[in-house]
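Enquirer: Take a look at the following structure, please.
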Amino acid sequence: GKRNFERRMYYKEKIPKDLYLIKSDFLRYMEIFPKILINYHQNPNIILSFSSPPTYRGRGEILEKDLEKYLNEGWNIYLQSDYKEILEERFKKLIKKIKFLISDEIKEGFIWEKAKVLVLTDKEIFGWRRKRPIKTLKSNEKSVNLSSFEVGDYIVHINYGIGKFLGLKKLTIKNETKEYIQLEYADQTYVFVPLEEMHLIQKYISPSNQPPTLSRLGTKHWEETKKRVKESVKEIAQELIKMYAKREIEEGYAFSQDTEWQRELEASFPYEETEDQVRALYEIKKDMESKKPMERILIGDVGFGKTELAIRASFKAVLDGKQVAVLVPTTLLAFQHWRVFQERLDIFPVKVEVLSRLKPALEQKRILESLKRGEIDILIGTHRILQKDVEFKDLGLIIIDEEHRFGVFQKEGFKKKYPKVDILYLSATPIPRTLSMVLSGIRNFSILETPPQNRLPIETFVVEFNPQIIQEGIKRELERKGQVYYVCNEISRLESIAKMINSLVPEARIGIAHGKMREEELTKVMSDFYEGKIDILVATTIVESGLDVPNANTLFIENSEHMGLAQLYQLRGRIGRSSRKAYAYFLHAPWKSLSNESIKRLEALKEFSTLGSGLRLALRDLEIRGAGNLLGKEQHGHMEEVGFYLYMQMLEEAIKELKQEKKEETVNCKISLPYSIVIPENYISNISERIHYYQKLVNIENIESLEEIKREIEDIYGKIPEEVEVLFILAEIKYRAQKIKISKIEISEDKVTFHFPYEKKELSLPSGNFKVQGKFIIKFLKEISLVYEKKP
């Protein structure tokens, strides 16, 4: 059965205040109430006494009792809310007697005792006022573009093999001018790939750092290689299916659908959710409500909303009487999560505790006993949670934050101990092995790519160690009343670094932090930094997770060449967490002493300084470090022969074949027309950017996304020229044609021919330019789509 919760019964009353109005017929002017207040002094002929109502902060049951009481006493109740549907469902019995206001100008509620009027807004009902209601999602389709091309990159064409990307080339064939992707193969032979066939090429990544051998055109070697790898892939597919079969067939716990309290918690979130958050939450809940144990990874940059989604998933589990384990890599992060979870769940009767090895033995014993009795709902902790003496009464959800910080055996051991429990992994930059599982379809994933509002990209500098640069960077930050991180992973050097900084910037207040300090001492330093009592924190990578100081927006990392890409990216995520511009300095030894791998890592960090780059950076890490050992080194040779992406594609197909899943039939509609269809170089000069937008337009998910792409391009590059408008029309034609299985469209100056699955159709075109003709074709496709969608 479900746990019977009781909410804490308390109100936070405000001091009553007197307000003056100019009209006695107040209800008639309810919608313009604030404007009346502003002008009360013009004719203060009536004085009315008002007071502020209680703040319910989502306590629906208490609010319902109060509303019932007021209505029984003959009061008029008005609610102004962005969540009308939620309230109508929550107060079904009372709703007919309650009136809803539509004015957005009423910012807070009030009680007018003499006239028996009660007005409540979201500020009183939920504790927050937001710009819009909770979003919900009906579909979970989302494609992810996982590669971008630079001139000189090795690529794989599924039909021709491994080649080198030489850029874009304009060609005129049969009076039709288009840009083609130019690929070089062995013996200086070339292939020109039409943009509509971009889905046939992928970036070449392999476990080895050695450059691949270019394929030879006109031979059977490539087809034989694919055939050999395909046979090998079938073996690994069988092994993977066995590995995950236990969780596949294991029947876990199917959580209930959202309750009123779940919706109340989500309504109290003070920010506007991004589309990515809405989608990810939908996917997580869908998994939780399924009987199959969830195993999903949530990928998103630091500060992009992973913790909020983890809180919502945890609350969903707790409402069904289940316990939640939140596993984090550091004590600092455990404490920060505990604080955030407490704050968000404060109004609900949810018991949240934190466990780490640094807690006194007696305190640990108390927590473990309470956990075993089921008195703790959510336990947040470090590796300490993995130890044998930690026993849950009824564990329903495991959340592993910064999953790349835990070893395979630790994670697999947790899964083995709780085979039926739902697992949610959180990661900013997934490690190659995890990414391999994501890309092969073994593990489900959700991505948060959209940054929060007002977040700016971090200005990134990769420079040799130079005291003058350090001095200038610190002084600039201190002048704007900000704070600085200086990270060095050698504890023995922290004191000398602090002295060096003190000599460069004598006025700065400096603190030191590392993992070997006593807990009280470390907590004191961190608290002082958080409260602004310390200007510069000289620390080890202990600050990588868990310290959220929006005022700290300059970061120095010494000996950055010795750190991993994911770790450097995570450290950089400590800054830039406000609307203020942030600066990251990756200090390294002289260039000539660096290894090729170190240089590639540092260059990748500079390249991926835009917001939401975590996943793309992880893919670059995949290139630098190799593709990750999924099931043993014997597979690496095969992966080298065809590249990581094609290998994973073959693996996914083999898994589906063994599971006897139906392969989705897709149609790639080819369009020929006697017009130039290129993005002008004088509009978008960068080749990678042009390819990026060609890819976007070729692979649109829905018609709405065309408008989004248009707004994005216009925002960055200015007014869209006619040549690019033609591309948008073509993209819509292609999208609508593929929906109804049209394989080819031939457009001439006066007619268009459609190649349907079972027939050809010709249509006369109106005279004029392609913009006119294109809209005519779109109209035709709309009209026949309903008929052809019903055909077998």
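Here the sequence shown stands for residues 55 to 846, numbered as in this note's numbering. Here a beta-carbon is modelled for each residue, glycine too, at the ideal position from N, C-alpha and C.
Does DSSP classify residue 828 as helix, strand or coil?
Expert: In the sequence shown, the residue the question calls residue 828 occupies position 774. Correct three-state label for residue 828: helix.
Enquirer: Tell me the DSSP secondary structure of residue 628 in three-state form.
Expert: Taking the sequence shown and counting its residues from 1, one reaches residue 628 at position 574. Coil at residue 628, not helix or strand.
Enquirer: Apart from the five residues on each side of it in sequence, which residues of its chain come closer than 7 Å, Cβ to Cβ, to residue 831?
Expert: The count along the sequence shown starts at 1 and reaches residue 831 at position 777. So the qualifying residues of the chain are 787 and 806.
Enquirer: In terms of residue numbering, what span does the alpha helix (DSSP H) encompassing residue 791 cover?
Expert: Start at 1 with the first residue of the sequence shown, and residue 791 comes out as number 737. First-last of the alpha helix (DSSP H) with residue 791: 776-793.
Enquirer: Among the residues of its own chain, which have a CB less than 8 Å from the CB of residue 532, if the five just before and after it don't count?
Expert: Numbered from its first residue, the sequence shown carries residue 532 at position 478. Only 538, 559, 561, 562 and 589 meet the Cβ criterion.
Enquirer: Should residue 609 be labelled buried (16 or more other beta-carbon atoms within 10 Å of its own) or exposed?
Expert: Looking up residue 609 in the sequence shown gives position 555. The residue in question, residue 609, is buried, as its Cβ has 16 or more Cβ neighbours within 10 Å.
Enquirer: Please state if the CB of residue 428 and the CB of residue 448 are separated by a distance shorter than 8 Å.
Expert: Here the question's residue 448 lines up with position 394 in the sequence shown. Here the question's residue 428 lines up with position 374 in the sequence shown. A contact, by the Cβ cut-off of 8 Å.
Enquirer: Check whether the Cβ atoms of residue 450 and residue 374 lie closer than 8 Å to each other.
Expert: In the sequence shown, residue 450 corresponds to position 396, counting from 1. In the sequence shown, residue 374 corresponds to position 320, counting from 1. Yes, these two residues count as a Cβ contact at 8 Å.
Enquirer: Thinking C-alpha only, which one of 839, 750, 267 and 316 is nearest residue 401?
Expert: Position 347 of the sequence shown holds residue 401. Checked all of 839, 750, 267 and 316; the closest Cα to residue 401 is 316.
Enquirer: Return the CA-CA distance between residue 253 and residue 748, expressed in angstroms with no decimal places.
Expert: One-based indexing of the sequence shown puts residue 253 at position 199. One-based indexing of the sequence shown puts residue 748 at position 694. Each residue's alpha carbon lies about 11 Å from the other.
Enquirer: Taking the alpha carbon of residue 547 as the point to measure from, which residue in 120, 750, 527 and 568 has its own alpha carbon closest?
Expert: In the sequence shown, the residue the question calls residue 547 occupies position 493. Ranking 120, 750, 527 and 568 by Cα distance to residue 547 puts 568 first.
Enquirer: For residue 130, which of helix, strand or coil comes out of DSSP?
Expert: Stepping through the sequence shown from its first residue, residue 130 is reached at position 76. Residue 130: strand per DSSP, three-state reduction.
Enquirer: Measuring CB to CB, does residue 541 end up less than 8 Å from residue 597?
Expert: As a first step, residue 541 must be located in the sequence shown, where it is residue number 487. As a first step, residue 597 must be located in the sequence shown, where it is residue number 543. The answer is yes: Cβ separation under 8 Å.
Enquirer: Apart from the five residues just before and just after residue 163, which ones in its own chain have a Cβ nearer than 8 Å to its Cβ?
Expert: Your numbering for residue 163 matches position 109 in the sequence shown. For residue 163, where only same-chain residues beyond five positions count, the Cβ hits under 8 Å are 106, 107, 134, 172, 173, 174, 175, 177 and 178.
Enquirer: Compare the beta carbon distance of residue 270 and residue 308 with 8 Å and say whether it is the shorter of the two.
Expert: Counted from its first residue, the sequence shown places residue 270 at position 216. Counted from its first residue, the sequence shown places residue 308 at position 254. No. Outside cutoff.
Enquirer: Quick check on the DSSP output: what are the complete alpha helix (DSSP H) runs of length 4 or more inside the stretch 529-581, in order along the chain?
Expert: 548-558
Enquirer: Contact between the stretch 216-225 and the stretch 233-249 is defined here as three or more beta-carbon pairs at a separation below 8 Å; is this criterion met?
Expert: yes
Enquirer: Quick one, which of 258, 638 and 215 has its alpha-carbon nearest residue 205's?
Expert: Residue mapping note: residue 205 aligns to position 151 of the sequence shown, counting from 1. Of the candidates 258, 638 and 215, the one whose C-alpha sits nearest the C-alpha of residue 205 is 258.
Enquirer: Mind checking residue 128: buried by the 16 CB within 10 Å criterion, or exposed?
Expert: Along the sequence shown, read from residue 1 onward, the residue named residue 128 stands at position 74. When all chains shown are included, residue 128 counts as exposed.
Enquirer: Quick test of your reading: residue 436 and residue 364, contact by CB under 8 Å. State the CB separation rounded to the nearest angstrom.
Expert: Within the sequence shown, numbered from 1, the residue matching residue 436 stands at position 382. Within the sequence shown, numbered from 1, the residue matching residue 364 stands at position 310. That pair is no contact at about 16 Å.
Enquirer: Exposed or buried, residue 687, counting other C-beta atoms within 10 Å across all chains shown (16 or more means buried)?
Expert: Sequence index remark: in the sequence shown, residue 687 carries index 633 (1-based). Confidence at residue 687 is low in this model, with a pLDDT of 46, below 50, so the placement of that residue is unreliable and no value is reported for it.
Enquirer: Do you know whose CA, among 802, 814, 799 and 828, lies nearest residue 776's CA?
Expert: Start at 1 with the first residue of the sequence shown, and residue 776 comes out as number 722. Nearest option by C-alpha distance: 828.
Enquirer: In angstroms with no decimal places, state the Cα-to-Cα distance between residue 185 and residue 318.
Expert: Along the sequence shown, read from residue 1 onward, the residue named residue 185 stands at position 131. Along the sequence shown, read from residue 1 onward, the residue named residue 318 stands at position 264. Because the pLDDT at residue 185 is just 41, under 50, the model does not fix this residue reliably, and the value given afterwards should be weighed accordingly. Each residue's Cα considered, the two are about 16 Å apart.
Enquirer: Where does residue 634 fall in DSSP's three states?
Expert: The count along the sequence shown starts at 1 and reaches residue 634 at position 580. Coil.
Enquirer: DSSP three-state call for residue 754: helix, strand or coil?
Expert: Numbered from its first residue, the sequence shown carries residue 754 at position 700. DSSP places residue 754 in coil when its eight states are reduced to three.
Enquirer: By how many angstroms is the C-alpha of residue 376 removed from the C-alpha of residue 393?
Expert: Within the sequence shown, numbered from 1, the residue matching residue 393 stands at position 339. Within the sequence shown, numbered from 1, the residue matching residue 376 stands at position 322. Each residue's Cα considered, the two are about 21 Å apart.
Enquirer: Are residue 763 and residue 773 touching if we call contact CB-CB under 8 Å?
Expert: The count along the sequence shown starts at 1 and reaches residue 763 at position 709. The count along the sequence shown starts at 1 and reaches residue 773 at position 719. The answer is no: Cβ separation not under 8 Å.
Enquirer: Would a C-beta distance cut-off of 8 Å place residue 395 and residue 406 closer than the cut-off?
Expert: Numbered from its first residue, the sequence shown carries residue 395 at position 341. Numbered from its first residue, the sequence shown carries residue 406 at position 352. Closer than 8 Å, so yes.
Enquirer: For residue 643 and residue 551, what's the separation of their Cα atoms in angstroms?
Expert: Within the sequence shown, residue 643 is the residue found at index 589, counting from 1. Within the sequence shown, residue 551 is the residue found at index 497, counting from 1. In a straight line, the C-alpha of residue 643 is about 16 Å away from that of residue 551.
Enquirer: Would you call the CB atoms of residue 203 and residue 730 closer than 8 Å?
Expert: As a working mapping, residue 203 is identified with position 149 in the sequence shown. As a working mapping, residue 730 is identified with position 676 in the sequence shown. Going by C-beta atoms, residue 203 is not nearer than 8 Å to residue 730.
Enquirer: Unbroken alpha helix (DSSP H) runs of length 4 or more, entirely within the stretch 266-344: which are they?
Expert: The stretch 266-344 contains these whole alpha helix (DSSP H) runs: 275-303, 314-321 and 329-342.
Enquirer: Using 8 Å as the Cβ pair cut-off and three pairs as the minimum, do the stretch 281-288 and the stretch 700-710 touch?
Expert: yes
Enquirer: Is the beta carbon of residue 793 sitting closer than 8 Å to the one on residue 839?
Expert: What you label residue 793 is simply residue 739 of the sequence shown in a count that begins at 1. What you label residue 839 is simply residue 785 of the sequence shown in a count that begins at 1. Yes, the pair counts as a contact, with Cβ atoms nearer than the cut-off.
Enquirer: What do you reckon, are the CB atoms on residue 594 and residue 543 nearer than 8 Å?
Expert: Working through the sequence shown from its first residue, we reach residue 594 at position 540. Working through the sequence shown from its first residue, we reach residue 543 at position 489. Cβ distance < 8 Å, so residue 594 and residue 543 count as in contact.
Enquirer: Can you give me the start and stop residues for the alpha helix (DSSP H) that residue 606 sits inside?
Expert: Counting from one through the sequence shown, the residue named residue 606 turns up at place 552. Here residue 606 belongs to no alpha helix (DSSP H); instead the beta strand (DSSP E) covers 606-611.
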